[in-house]
Every structure is written in structure tokens, then in C-alpha cells.
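S.K.:
Residue numbers (the working numbering): 802 to 945.
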């Protein structure tokens, strides 16, 4: 089988102050015969900071006990499902939705970060006018 090699490499990144690393490979995923993949693939579980009322009951049922509590949802993802990373989506701050304040979101970020032992990636409301304020407050709350 012909090999396709490259001198390029995906930059390796350490997530926060943890020992969790992503990237570093110089091959397409799982084409290990062509190069190196120094870090294993990681699984991130997306957690919302609000209860996704628009979900079908069939989809929501397995998470019914945690949907309204992002801290419990994140713990379940870590403890029961073996998540490597929590991807916390701050949907409640969306101006077209609940329009919660950056300070309220920061409290949620801090609570989730303190509740789990894995890295937390934070997503804002995807609103150009509000993302900066929300993510700044989240970064300050989760510092360390």
C-alpha cells in the first residue's frame, strides 16, 4: 500500500492546566501506517446550561434526570459515560432566547468546572454582540 507522508503537523495543544493533550498528529485520522498520532482521540460531551425544551421526548428521555441541571449533566457525562471533555454551551445567554447575563453564565461555568475533573470547553451564545462579554466572564470564572 502506498504511503502518503507530509512534513506538516497538527499543533499539539494542552487543555487548560490539565495533562489532557489534543493534536500532534501528522497523518489523517487512524492512518497510523503513514505517520504519528501521539494523542488518542478524545470524546467531548456537549452540555447545555438550559433545559432544551425543543428536544423530542424520545431524545430527552435518557437525560430527563439531568437536563435542567448542567452540573449534574456534566457529572453524568464524566462519571457514567467516560467523557474526556465537557463542551458547555451557554445557550441561556442568547439574546433571542432567555438572554441571561454574562454573570449568570459565569456562575454556571464555575459550578460545572468545579464539579468535574476533566477540561471544560465553553461556547457562547453565538451572537456577535454578546459572545465577547459572555466568554470573558466565563474565562474569569473558570481561571485556573
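Think of the CB as a built atom: it goes at the ideal place given N, C-alpha and C, for glycine as much as any other residue.
Considering only the beta carbon of each residue, do residue 887 and residue 873 sit closer than 8 Å?
M.R.: no
S.K.: Apart from the five residues on each side of it in sequence, which residues of its chain come closer than 8 Å, Cβ to Cβ, to residue 826?
M.R.: 810, 811, 836, 837, 838, 839, 840
S.K.: Could you have a look at residue 915 and say whether DSSP puts it in helix, strand or coil?
M.R.: helix
S.K.: Hey, which unbroken runs of the beta strand (DSSP E) at 3 residues or more fall wholly within the region 808-852?
M.R.: 845-849
S.K.: Along the chain, where does the beta strand (DSSP E) that runs through residue 888 open and close?
M.R.: 886-890
S.K.: Is residue 906 closer than 8 Å to residue 893 when the C-beta atoms are compared?
M.R.: Their beta carbons are under 8 Å apart, which means residue 893 touches residue 906 by this criterion.
S.K.: Identify which residue in 862, 932, 856 has its Cα closest to the Cα of residue 895.
M.R.: 932
S.K.: If you compare alpha carbons, which of 808, 854, 833, 823 is closest to residue 842?
M.R.: 823
S.K.: Going by the CB atoms, is the gap between residue 885 and residue 814 shorter than 8 Å?
M.R.: no
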